[in-house]
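Have a look at the structure below, then the notes.
Protein chains in written order, with my numbering: chain A, 1 to 111; chain B, 1001 to 1112.
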């Protein structure tokens, strides 16, 4: 059974810092991995999708890496801004499209 | 119209009521999903529909009954719910099961 752990559970930083959010999963036989953000009371916004054949994906200030063999993914946020405050969720998925979510990392960026 | 729309946004119901949650996607996707997000627990997949056929039922109690009349609409019919069913119910869609999933804003359900 796939289990996903995200560390840290919560993070509070001043604006401008570079951040690393960690995700680990127990079953390395994943198909893809998706990172999301969730704002309070809202649904999930897709940030990045990394396919199993890829090592990383970049979108603006976000960079996500994937190491399937070690069961790890990392989301790097450069030059953090108050608007980045949200909960970040990591979700590996199987070849049947089933997403398994971690508990998330709740990020607060202070002005 | 946003990509995935869920109605209502909030719902309060008694344990003996019957209600339905609605999800509509405007993205031309072929797969739709229901998830449950309870306080202090990870998001849990409930149901998966692909081309209007249910392909996954993740051990969900029968008091939750999904319906997918076409590839753009997904319903979750609720009856005789329990207080522990209070949660945020999220709908998602994707082109197929290897593509990114796009989520709606959810329905916040409270059972009295």
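The beta-carbon is built from N, C-alpha and C at its ideal position, and this holds for glycine as well.
No experiment lies behind these values; they were computed from the predicted model shown.
request  = Going by CA-CA distance only, name the one from B:1048, B:1067 and B:1052 that's closest to residue 1058 of chain B.
outcome  = As a working note, residue 1058 of chain B is residue 58 in the second chain. It is B:1048.
ask   = Taking one C-beta from the segment 1020-1034 of chain B and one from the segment 1092-1107 of chain B each time, how about it: are there three or more such pairs within less than 8 Å?
value = Yes, they touch.
ask   = Can you name the start and end residues of the beta strand (DSSP E) that residue 81 of chain A belongs to?
value = Here residue 81 of chain A is taken as the residue at index 81 of the first chain, counted from 1. For residue 81 of chain A, no beta strand (DSSP E) segment is defined, and its DSSP state is neither H nor E.
key: Residues of the segment 57-77 of chain A with Cβ closer than 7 Å to any Cβ of chain B, in chain order   = Taking 7 Å as the Cβ-Cβ cut-off against chain B, none of the residues of the segment 57-77 of chain A qualify.
key: N-terminal and C-terminal residue of the beta strand (DSSP E) that residue 6 of chain A is part of   = Here residue 6 of chain A refers to the residue found at position 6 of the first chain. That run of the beta strand (DSSP E) goes 4-7.
message = Bridge partners for residue 57 of chain A per DSSP, in chain order?
response = In the first chain, counting from the first residue as 1, residue 57 of chain A sits at position 57. DSSP, once it has assigned bridges, lists A:64 as partnering residue 57 of chain A.
ask   = How about residue 9 of chain A and residue 96 of chain A: are their beta carbons less than 9 Å apart?
value = The residue you call residue 9 of chain A lines up with position 9 of the first chain. The residue you call residue 96 of chain A lines up with position 96 of the first chain. Taking 9 Å as the Cβ cut-off, residue 9 of chain A and residue 96 of chain A do not qualify as a contacting pair.
task = Give every residue of the same chain whose Cβ lies closer than 6 Å to the Cβ of residue 1083 of chain B, excluding the five residues on either side of it in the sequence, and list them in chain order.
result = As a position in the second chain, residue 1083 of chain B is number 83, starting the count at 1. So the qualifying residues of the chain are 1111.
message = Distance check for residue 15 of chain A and residue 1055 of chain B, CA to CA, integer angstroms please.
response = Here residue 1055 of chain B corresponds to residue number 55 of the second chain, with the count starting at 1. Here residue 15 of chain A corresponds to residue number 15 of the first chain, with the count starting at 1. Each residue's alpha carbon lies about 44 Å from the other.
query = So is residue 2 of chain A in contact with chain B if we call contact Cβ pairs under 9 Å?
reply = Residue mapping note: residue 2 of chain A aligns to position 2 of the first chain, counting from 1. Chain B, which has no Cβ nearer than 9 Å to the Cβ of residue 2 of chain A, makes this no.
request  = Check the C-beta distance from residue 122 of chain A over to residue 36 of chain A and give it rounded, since I have them as a contact under 8 Å.
outcome  = Past the boundaries of the shown model lies residue 122 of chain A; chain A is included only from 1 to 111, so the question cannot be answered.
message = Can you check whether the C-beta of residue 1027 of chain B is within less than 9 Å of a C-beta belonging to chain A?
response = As a position in the second chain, residue 1027 of chain B is number 27, starting the count at 1. The Cβ of residue 1027 of chain B sits no closer than 9 Å to any Cβ of chain A.
task = Keeping to the same chain, check which residues put their C-beta closer than 7 Å to that of residue 81 of chain A; ignore five residues upstream and five downstream.
result = Locating residue 81 of chain A in the first chain gives position 81, where the first residue counts as 1. Taken in chain order, the residues that qualify are 15 and 109.
ask   = Taking all protein chains shown into account, do 16 or more other C-beta atoms lie within 10 angstroms of the C-beta of residue 1051 of chain B, making it buried, or fewer, making it exposed?
value = For the purposes of this step, residue 1051 of chain B is taken as the residue at position 51 of the second chain. Classification for residue 1051 of chain B: exposed.
task = Compute the distance between the beta-carbons of residue 1032 of chain B and residue 1071 of chain B, then report whether it is under 9 Å.
result = Position 32 of the second chain holds residue 1032 of chain B. Position 71 of the second chain holds residue 1071 of chain B. Yes; because the gap between Cβ atoms is below 9 Å, this pair is in contact.
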